[in-house]
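Whatever position you read off the sequence shown (first residue = 1), add 94 for this note's numbering.
Backbone N, C-alpha and C define an ideal beta-carbon position, used for all residues, glycine too.
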Amino acid sequence: MSKTEKELAFLRDLYIETDWTERFTNLFDDNFKFSGDEEKILYVNAGAGNHALALREKLDDKIEIFGVSETQELLTIARAKADAIQANADFSIVHPAEKFNAVLADASFVRPAELKSFLARIIDSSKKQVAFFLPTASSFGDVFSFLWETFLNLDLLEKGAEVERLVTELPTVSKVEEMAKNSGLTKVQTETKNEFFEFDNGAAFVNSPLVADFLFPVWLDFLNEEEKEQVINKLAQTIDDDCGELTFRFSVKATLVVGEKV
95 MSKTEKELAF LRDLYIETDW TERFTNLFDD NFKFSGDEEK ILYVNAGAGN HALALREKLD
155 DKIEIFGVSE TQELLTIARA KADAIQANAD FSIVHPAEKF NAVLADASFV RPAELKSFLA
215 RIIDSSKKQV AFFLPTASSF GDVFSFLWET FLNLDLLEKG AEVERLVTEL PTVSKVEEMA
275 KNSGLTKVQT ETKNEFFEFD NGAAFVNSPL VADFLFPVWL DFLNEEEKEQ VINKLAQTID
335 DDCGELTFRF SVKATLVVGE KV
């Protein structure tokens with residue numbers, strides 16, 4: 095059963111931002127340096143506000159931080175957190191029309207087909223620095239392999255092209271660099287790190303909030319509800335049959351892209 099936006103916001107704050115998002119924000123924190131002359135910073139897809147507020151604590155109080163949350167429910171959480179620590183940070187669900195000295199964006203849940211337009215929007219909002227992070231090609235490889243096997247076992251081979259699409263639509267690092275340059279960035283640099291996600295068994299994997307509530311709704315949107323249930327149950331069994339008593343884990347190629355606007 096699909097979750098409400100309120101439930102998804104709660105899961106995003108409690109589970110996703112601490113396990114999934116932090117893998118990307120840690121990569122950002124370890125490799126990105128602000129120029130030092132920023133007056134205003136925009137954070138796109140700020141979610142429940144955790145990383146934006148962490149940056150608020152690190153940066154000069156004179157710097158204004160503006161976060162754009164994806165839903166009203168996430169915005170409520172982000173504002174409550176900011177109020178609780180009396181942080182000088184503004185949050186909204188409306189993408190501002192003004193320009194910012196630096197723009198940081200979480201593209202980890204942006205659909206590959208929408209990445210080009212997403213980049214155009216965040217780059218347009220920047221006067222100079224742009225940084226964004228996302229999973230790139232070779233991510234989820236073990237998952238997609240088991241998913242293909244699941245379709246085979248369920249005699250759903252006619253749907254197999256969709257699994258191939260999931261694999262091929264994830265952009266390579268070089269493709270993302272090319273997209274960034276074509277969208278108006280110069281001095282483009284990337285940093286990558288393989289992150290591993292581990293689960294006790296197939297059931298733990300398919301029922302985890304990250305997979306059940308954030309990845310499956312996108313990956314399996316071409317199936318009807320009955321097919322989804324069949325595929326998810328069979329996928330868990332297929333993982334267990336292959337891994338036995340061992341845990342199951344998959345990797346994500348977390349990628350940070352930074353550049354400057356022309």
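- For D294, the secondary structure class from DSSP, reduced to helix, strand or coil, is coil.
- Looking at the DSSP output, E285 bridges to L350.
- The continuous alpha helix (DSSP H) containing P311 extends over residues F310 to W313.
- Around the C-beta of D200, 16 or more other C-beta atoms lie within 10 Å, and the residue is accordingly described as buried.
- Around the CB of N318, fewer than 16 other CB atoms lie within 10 Å, so the residue is classed as exposed.
- I326 has its alpha-carbon roughly 11 Å from the corresponding atom of I333.
- Straight-line spacing of the CA atoms in K97 and L105 works out to 10 Å.
- Within the same chain, and ignoring the five residues on either side of L213 in sequence, the residues whose Cβ sits closer than 7 Å to its Cβ are M273, A274 and S277.
- Rounded to whole angstroms, the gap between the alpha carbons of P229 and S202 is 6 Å.
- Distances from the alpha-carbon of A103 to those of R117, G141, W114 and K127 put G141 closest.
- The Cβ-Cβ distance between L121 and F226 does not fall below 8 Å.
- DSSP assignment within the segment 147–178 yields the following whole alpha helix (DSSP H) runs of 4 residues or more, N-terminal first: 166–178.
- Per DSSP, N139 is not a residue of any alpha helix (DSSP H), being assigned neither H nor E.
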